[in-house]
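In order, the protein sequences belong to chains A and B.
Numbering-wise, the numbering used here comes out as the position in the first sequence, counting from 1, plus 16.
Numbering-wise, the numbering used here comes out as the position in the second sequence, counting from 1, plus 16.
Even for Gly, the Cβ is constructed at its ideal location relative to N, Cα and C.
A short write-up of the structure that comes next.
Number of protein chains: 2
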Amino acid sequence: MSQGADTPTAVDQVLELAVLLNRDMQLSFERDGLTEARARLLWVLRGGPVTQRELADALAVTPRNVTGLVDGLVATGYVARAPHPTDRRAVLVTLTDAGSTLLTSMVEGYAEMHDLLFGGLSERQLRDLRRSLAIVNDRLRARVEQDWGAP
Amino acid sequence: MSQGADTPTAVDQVLELAVLLNRDMQLSFERDGLTEARARLLWVLRGGPVTQRELADALAVTPRNVTGLVDGLVATGYVARAPHPTDRRAVLVTLTDAGSTLLTSMVEGYAEMHDLLFGGLSERQLRDLRRSLAIVNDRLRARVEQDWGAP
DNA sequence: ACTACATTGTGTAGTACCTTCACGACATGA
DNA sequence: TCATGTCGTGAAGGTACTACACAATGTAGT
Chain A
17 MSQGADTPTA VDQVLELAVL LNRDMQLSFE RDGLTEARAR LLWVLRGGPV
67 TQRELADALA VTPRNVTGLV DGLVATGYVA RAPHPTDRRA VLVTLTDAGS
117 TLLTSMVEGY AEMHDLLFGG LSERQLRDLR RSLAIVNDRL RARVEQDWGA
167 P
Chain B
17 MSQGADTPTA VDQVLELAVL LNRDMQLSFE RDGLTEARAR LLWVLRGGPV
67 TQRELADALA VTPRNVTGLV DGLVATGYVA RAPHPTDRRA VLVTLTDAGS
117 TLLTSMVEGY AEMHDLLFGG LSERQLRDLR RSLAIVNDRL RARVEQDWGA
167 P
């Protein structure tokens, strides 16, 4: 009602933000020879070696899928499979040197994202933005969690 | 520096927003028997029938991929292939009645998203949010478009 | 110690999304 | 008409997922 048809709505803006964020991260992953799924798995390994079962839970995917993702990361040399010290069924997924280096640069990139995103905002604008985002996220989260149980 | 380790950073908030938006839309698509890729294709058909070549350009995917997506939507009965009036090579992808109905509800859902997202904000908060999002999006867009040509 | 049950990872099979390459059908301009 | 480009699709292949089945192993219960 208040703007022309070519002006993006607030919903448009939020959706574009989501698209741009995805694209930016995907481009970053591709530069490292990673896919999105493998990058997510690697990100979980920040906390140290974990079993494939734990990875499946953390990523909310099936154990079978983790097998495939780990296969890929082993092929590219970022992780290795090691025997679990006490459970001979389980496999510990550990970072190789290359994987550790890559993960370090990913953590740095995450930190640099703050300036990239918010470098154009004043302190006050950033504070207000955070407040509004908290409210928006709370509403969205409630909706998503509700719909998760009522398909 | 200013908050505890368990408080989400501004980057965390933006990333969570993106994740939640994706999840919400995906759940909505699933309810309609749609996948994300097929929903995007359907969304392009808002403007009327288009050729598969135009769809490939609009979706930024290969023409071969469009063939598969249209196959799926034909199987579920949401679109149909029609001959192009002047170009016998081309295929016009058109909405069926079911597809048209579905698209209408998708458009309605898009409109309702405004209240879902911003119903908890005051007029002033929403204005400020839009201003900040415009700034953030501009910076991100510049970065993504720059990296698109320099891998 | 032996049995019963649960858990871990993976082979098999299948779906969806995406790509490149090759090719036939068709359009277009010289 | 003839060369050249365009449209859609078959063939082949990669990645991300799923469900199901199964062997190896861990964990109780008796």
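Check	Outcome
Neighbour-count burial assignment, B/Gln68, 16 or more Cβ in a 10 Å radius	buried
CB contact check: A/Glu124 to chain B, cutoff 9 Å	no
Residue burial classification, A/Ser138 (beta-carbon count within 10 angstroms, cutoff 16)	exposed
Residues sharing a beta bridge with A/Thr92, DSSP	In DSSP, A/Thr92 forms no bridge with anything.
Chain-ordered neighbours of A/Asp163 on chain B, where CB pairs are closer than 7 Å	Leu43
DSSP three-state assignment for A/Thr78, whether helix, strand or coil	coil
Identity of the residue in A/Leu133, A/Leu89, A/Gln162 nearest B/Leu31 by Cα	A/Leu133
A/Ala98 (DSSP reduced to helix, strand or coil)	strand
According to DSSP, residues forming a beta bridge with B/Leu111	B/Val95
Option nearest B/Leu50 by Cα separation, candidates B/Leu142, B/Val95, B/Asp131	B/Val95
Min CB distance A/Asp22 to chain B below 9 Å	no
The region 44-61 of chain A contacting the region 43-57 of chain B, beta-carbon criterion three pairs below 8 Å	no
Close-in-space but distant-in-sequence residues of the same chain around A/Thr23 (CB under 7 Å, 5 per side omitted)	none
A/His130 and B/Ala26 closer than 9 Å at C-beta	yes
Residue environment, B/Ser148, which counts as buried when at least 16 other CB atoms sit within 10 Å	buried
A/Val86 vs A/Leu57 beta-carbon contact at 9 Å	yes
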